[in-house]
């Protein structure tokens, strides 16, 4: 951060060559020149962690736990890539060779181009996945449970040539699969991890999920298409899973239901045995009533908010993560609803 400030906030990729390549004499010179700013950054991070753990300890003492979210990939313009370029698929100029994304499908003819540099898994494996172990150790220390994003990418990951403007020319490559998680367990033991296994679930992905013992994710919103064959319908859920109405990346349940086509809506109402009252409440009840060990209901669904309550629209910029819960929204009616539903379905704290 200190070096970035010196260079007016531009990406490390655009820094002068000596510091971009972390030549020892340049790193030492920057340490001397920027000593005060470096120490300030140390202090800021110290205070941030101090405040975080004070909050976490207070929350934990009141029965509240935190779930952290750990993306599988890191940003190109990150300290990880700058300081450990050998762990990523970069060329001799520190430019990515392949970047992350997902292939074209029925929803996107061009696929998704995420742009993150891909891992150099053979190098990581030769070092016993020490960087990944440190990453998991850090995140599971900060949070009570950690959701690892894009779990399917540990089995097979999609690589797109750097510089392409779409994902059309990408290919599938093999990931480290069980070797990575064996190393993590050997070093760290059992950690509270959720596998974000949404997407195309192959037998390989299912086998890895079973092998690790991590709970996968089940989203009610994904279940209701008129075919009635979705694995996301509640009667397919397994005990070792996390059930959601929807996540931060989805529409609120009210908005989602309001946008269903007539056939899917008809199927959903029949499945829920809906007669009258709030449709959102029926969907919340269906989620809480599953056999999943854990059920998560976004507060926006308890409040029955529409698009105004959405957290995030993936692959868009601006306006995301701005929604805030106010104390006025937590009325007695809302409190009573949460209390009644969680007790009724055996999900209240003991």
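Residue numbers (UniProt numbering): 1 to 350. For each residue, glycine too, the CB sits at the ideal point set by N, CA and C.
- In this structure, the straight-line span from the alpha carbon of residue 245 to that of residue 221 is close to 6 Å.
- Straight through space, the alpha carbons of residue 46 and residue 262 are spaced by roughly 54 Å.
- Just measuring C-alpha positions, the residue of 153, 38, 183 and 238 sitting nearest residue 4 is 38.
- Residue 241 is bridged by DSSP to 216.
- Annotated as distal: residue 258 and residue 199, with beta-carbon spacing of 8 Å or more.
- Rounded to whole angstroms, the separation of the alpha carbons of residue 288 and residue 237 is 12 Å.
- Residue 168 is a Cβ neighbour of residue 104, given a cutoff of 8 Å.
- In this structure, DSSP gives residue 294 an extended state, which the three-state scheme calls strand.
- Within the same chain, 104, 166, 167 and 168 come within 7 Å of residue 110 by CB-CB distance, once the 5 residues on both sides are set aside.
- Secondary structure note for residue 44: its alpha helix (DSSP H) is the uninterrupted segment 35 to 61.
- Ranked by Cα distance from residue 164, the options 228, 61, 71 and 101 are led by 101.
- Distance from the CA of residue 269 to the CA of residue 342, rounded to the nearest whole angstrom, comes to 22 Å.
- Take residue 145, set aside five residues on each side of it, and the residues of its chain with a beta-carbon closer than 8 Å to its own are 65, 66, 67, 68, 192, 193 and 194, in chain order.
- By the criterion of a C-beta distance shorter than 6 Å, residue 151 is surrounded in its chain by 195, 196 and 197, once the five residues flanking it on both sides are discounted.
- Inter-residue distance for residue 56 and residue 138 is about 15 Å (C-alpha atoms, whole angstroms).
- Here residue 139 carries a helix assignment [DSSP, helix/strand/coil].
- Residue 300 counts as buried, since at least 16 other C-beta atoms from the protein chains shown sit within 10 angstroms of its C-beta.
- Under the 10 Å beta carbon count, residue 36 is surrounded by fewer than 16 other beta carbons and is classified as exposed.
- Nearest in C-alpha terms to residue 207, of all of 314, 155 and 187, is 155.
- A straight line joining the alpha-carbon of residue 267 with that of residue 229 spans about 11 Å.
- Taking a C-beta distance under 8 Å as the contact criterion, residue 86 and residue 116 do not qualify as a contact pair.
- Using a 10 angstroms sphere on the CB of residue 331, the tally of other CB atoms stays under 16, which defines it as exposed.
- If you look at residue 284, you'll find it isn't in any beta strand (DSSP E); it sits in the alpha helix (DSSP H) that goes 279 to 288.
- Where residue 20 is concerned, the enclosing alpha helix (DSSP H) starts and stops at 17 to 20.
- It is roughly 19 Å from the alpha-carbon of residue 50 to the alpha-carbon of residue 1.
- Under DSSP, residue 94 takes part in no beta bridge, so it has no partner.
- Here residue 187 carries a helix assignment [DSSP, helix/strand/coil].
- Residue 242 places its beta carbon less than 8 Å from that of residue 217.
- DSSP, reduced to helix, strand and coil, places residue 154 within a helical segment of the structure shown.
- Looking at the backbone, the Cα of residue 142 and that of residue 48 are separated by about 12 Å.
- The Cβ atoms of residue 157 and residue 118 sit closer than 8 Å to each other.
- Remark: C-beta atoms of residue 12 and residue 114 do not approach each other more closely than 8 Å.
- Judged by DSSP secondary structure, residue 146 falls within the beta strand (DSSP E) whose first and last residues are 145 to 148.
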